[in-house]
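Everything on this sheet refers to the single structure shown next.
In this note's numbering, the protein residues as written are 17 to 142.
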């Protein structure tokens, strides 16, 4: 018995132009997170920008903290890197790393959904 549905053409989300646009949005998001965190550092950590930087890269910063910073502190046995001092570029880099982790989480979730959808379509055709 043949498949009644005709094969579909490429989807709009899989065209190179759409992928390029998604990469630009991701790079813009990470760059914006870095810029806001740097502005927060230059301004001396005003309370309004602290909340903004925290919310801007929320789940990613927690994962970077737990997976990178805490193990380094345990391995090195020195907590001087976690203390707040004067001007430091570590905080903006930390926020940027959290934003990058958020992009990777979203990319992984989308890849999983696409894979699951393709497997479901493949099993229906058999």
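We put the CB at the ideal spot given by N, CA and C, even for glycine. Note that the structure is predicted; figures quoted are calculated from it, not measured.
Pairwise C-beta distances place the stretch 54-71 out of contact with the stretch 115-132, as fewer than three of them are shorter than 8 Å.
In this chain, the alpha helix (DSSP H) harbouring residue 115 covers 106-141. Straight-line measurement puts the Cα of residue 108 at about 21 Å from the Cα of residue 39. Burial check for residue 47: the Cβ neighbour count within 10 Å stays below 16, so the residue is exposed.
The alpha-carbon of residue 92 is positioned some 15 Å away from that of residue 82.
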